[in-house]
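> Using full-length UniProt numbering, the letters of the sequence shown correspond one by one to residues 1 to 252.
For reference, the structure I am asking about is given below.
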Amino acid sequence: MSMYSGKKAVIVGGTMGMGLAIAKRLVEGGAEVLVTGRNPRNLKDAQAELGPAAHVVPSDLSDMAAVRALPGLVEEKLGRVDHLFVNAGIAELAPIPLVTEEQYDKMLTVNLKGPYFTVQGLMPLLADGGSVVFTTSVADVTGTAGMSVYAATKAGLWSFAQALAAELAGRGIRVNAVSPGYIDTPGGGIQGLTAEEHEAFKKAGDEATPLHRHGTADEVARAALFLAVDATFTTGVKLAVDGGLVQQLVVA
C-alpha cells in the first residue's frame, strides 16, 4: 500500500486517539510524518507503534516557545509539508458558574491560540496544492451544558479555518475540518472525569447518537484523510463524523 508515497505530513497532537490513527494510516500508505505530543509516555508509545517513518517530537501548544520552535524542526526533518493535521485539544467539563479563569485560559490556549500560531509558523512550509485539516467538534453547534468554554474554542478554531481557506486558496491549498461527535478515545476526550462519570458520559453519548454507538478513532482518521487527499475540489468545509448527532434525524 503506497497511496501516500513521497508525501510529507505533520500531525499536531498525533500521539494518541484520532491523531495517532491518522498518523498510522499515513505511515502505512508510505508517507513520512512528523507527530507532536506532550506526554512522554505517549510519545514513546507512538514512536514504537509508528516506526522509523515517523518523527515523534515533544511540542506543547500551551508553550509559545515550543510553538515558535516547531517550524524549524519541521523544516529540518521534512523540508516541506504536503498535509497538515491540527488535531490537538483538551476539554474540561464545568457549568458556567464554576468555570475558573485558569480553565478558561488553558482551553483557549491549547485549543485556539496554540493552533493559530502553529499554523501561522508552518504556512511558509506548506506545499502549493497541499491541504490542512482541523479537528473541531460537534460541540461548537450543539449548545451542550458544561461545554461552554470548549465549544467556544472549537467554534473559534472553525472560524479560523474558514479564513485560512480563503487566504490559501490562491496557492491551491485546501483547508477543511472534521467535526467529531462521541468518539472512543482515551478518557473519552474529557479530562478530570471519574470512572463512573466517564461511563455515564459514554452511555449518554450512545443514547444521543442516532447510530447508537461511539465512533472509532479510525473512522475519524479516514474522514480526515479523505479531506486531505481525495477531496481535491473541496475547501472551507466542515465534515461531521458523528453518527448523525447534529443532523436532527428522526430515528424509527
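Virtual Cβ for every residue (Gly too), placed ideally from N, Cα, C.
1. Can you list, in chain order, the stretches of the alpha helix (DSSP H) that have 4 or more residues and sit fully within the segment 135-182?
2. Alpha carbon to alpha carbon, what distance is there between T136 and W158?
3. V251 and P210: beta carbons closer than 8 Å?
4. Please confirm whether V110 and I90 have their CB atoms less than 8 Å apart.
5. Out of F117, T144, K7, which one is the CA nearest neighbour of L245?
6. Residues in the same chain with beta-carbon distance under 7 Å from E219, minus the five sequence neighbours each way, listed in chain order, please.
7. Which class does D60 belong to by DSSP, given the choice of helix, strand or coil?
8. Measure how close the beta-carbons of G51 and T36 come, nearest whole angstrom, since I'm counting them as under 8 Å.
9. Can you tell me whether DSSP reads L239 as helix, strand or coil?
10. Using DSSP with H/G/I as helix, E/B as strand and the rest coil, what is T216?
11. Would you check if the distance between the CB atom of M147 and the CB atom of A139 is smaller than 8 Å?
12. Nearest to F233 by CA position, among S131, R222, E196, V141, is which residue?
13. Please determine if the segment 52-61 and the segment 195-208 are in contact, where contact requires at least 3 C-beta pairs separated by less than 8 Å.
14. So T36 is in the alpha helix (DSSP H); what residue range does that whole segment cover?
15. Would the beta-carbon of G172 fall within 8 Å of that of G129?
16. May I ask you to report which of helix, strand or coil DSSP gives G130?
17. What do you reckon, are the CB atoms on Y104 and V149 nearer than 8 Å?
18. The alpha helix (DSSP H) that contains V119, what's its start and end?
19. Tell whether a beta-carbon distance below 8 Å holds between Y4 and A21.
20. Am I right that L61 and G121 are in contact with their C-beta atoms under 8 Å? What's the rounded C-beta distance?
Taking the geometry as given:
1. 139-142, 148-168
2. Stepping through the sequence shown from its first residue, residue 158 is reached at position 158. Stepping through the sequence shown from its first residue, residue 136 is reached at position 136. Their Cα atoms are separated by approximately 7 Å.
3. The residue labelled residue 251 in the question sits at position 251 within the sequence shown. The residue labelled residue 210 in the question sits at position 210 within the sequence shown. Closer than 8 Å, so yes.
4. Translated into the one-based positions of the sequence shown, residue 110 becomes position 110. Translated into the one-based positions of the sequence shown, residue 90 becomes position 90. For the pair V110 and I90, the CB atoms are nearer than the 8 Å cut-off.
5. The residue labelled residue 245 in the question sits at position 245 within the sequence shown. Answer by Cα proximity: T144.
6. Counting from one through the sequence shown, the residue named residue 219 turns up at place 219. Around E219: V241.
7. The sequence position of residue 60 within the sequence shown is 60, counting from 1. If DSSP states are grouped into helix, strand and coil, D60 belongs with coil.
8. By one-based count along the sequence shown, residue 51 stands at place 51. By one-based count along the sequence shown, residue 36 stands at place 36. Rounded, the Cβ-Cβ distance is 17 Å, inconsistent with contact.
9. Looking up residue 239 in the sequence shown gives position 239. In the structure shown, L239 falls within a strand segment according to DSSP collapsed to helix, strand and coil.
10. Within the sequence shown, residue 216 is the residue found at index 216, counting from 1. Strand at T216.
11. The count along the sequence shown starts at 1 and reaches residue 147 at position 147. The count along the sequence shown starts at 1 and reaches residue 139 at position 139. Their beta carbons are under 8 Å apart, which means M147 touches A139 by this criterion.
12. One-based indexing of the sequence shown puts residue 233 at position 233. For F233, the closest of S131, R222, E196, V141 by C-alpha to C-alpha distance is S131.
13. Judged by Cβ distances under 8 Å, the segment 52-61 makes no contact with the segment 195-208, as fewer than three pairs qualify.
14. Along the sequence shown, one-based indexing puts residue 36 at 36. Note, T36: premise wrong, no alpha helix (DSSP H); beta strand (DSSP E) at 32-37.
15. For the purposes of this step, residue 172 is taken as residue 172 along the sequence shown, with counting starting at 1. For the purposes of this step, residue 129 is taken as residue 129 along the sequence shown, with counting starting at 1. Contact: yes.
16. Here residue 130 refers to the residue found at position 130 when the sequence shown is read from its first residue. Correct three-state label for G130: strand.
17. In the sequence shown, counting from the first residue as 1, residue 104 sits at position 104. In the sequence shown, counting from the first residue as 1, residue 149 sits at position 149. The answer is yes: Cβ separation under 8 Å.
18. Looking up residue 119 in the sequence shown gives position 119. Segment 114-122, the alpha helix (DSSP H) holding V119.
19. Counting from 1 along the sequence shown, the entry for residue 4 is found at position 4. Counting from 1 along the sequence shown, the entry for residue 21 is found at position 21. It is not a contact, given that the beta carbons lie outside the stated cut-off.
20. Start at 1 with the first residue of the sequence shown, and residue 61 comes out as number 61. Start at 1 with the first residue of the sequence shown, and residue 121 comes out as number 121. About 12 Å; that fails the 8 Å criterion.
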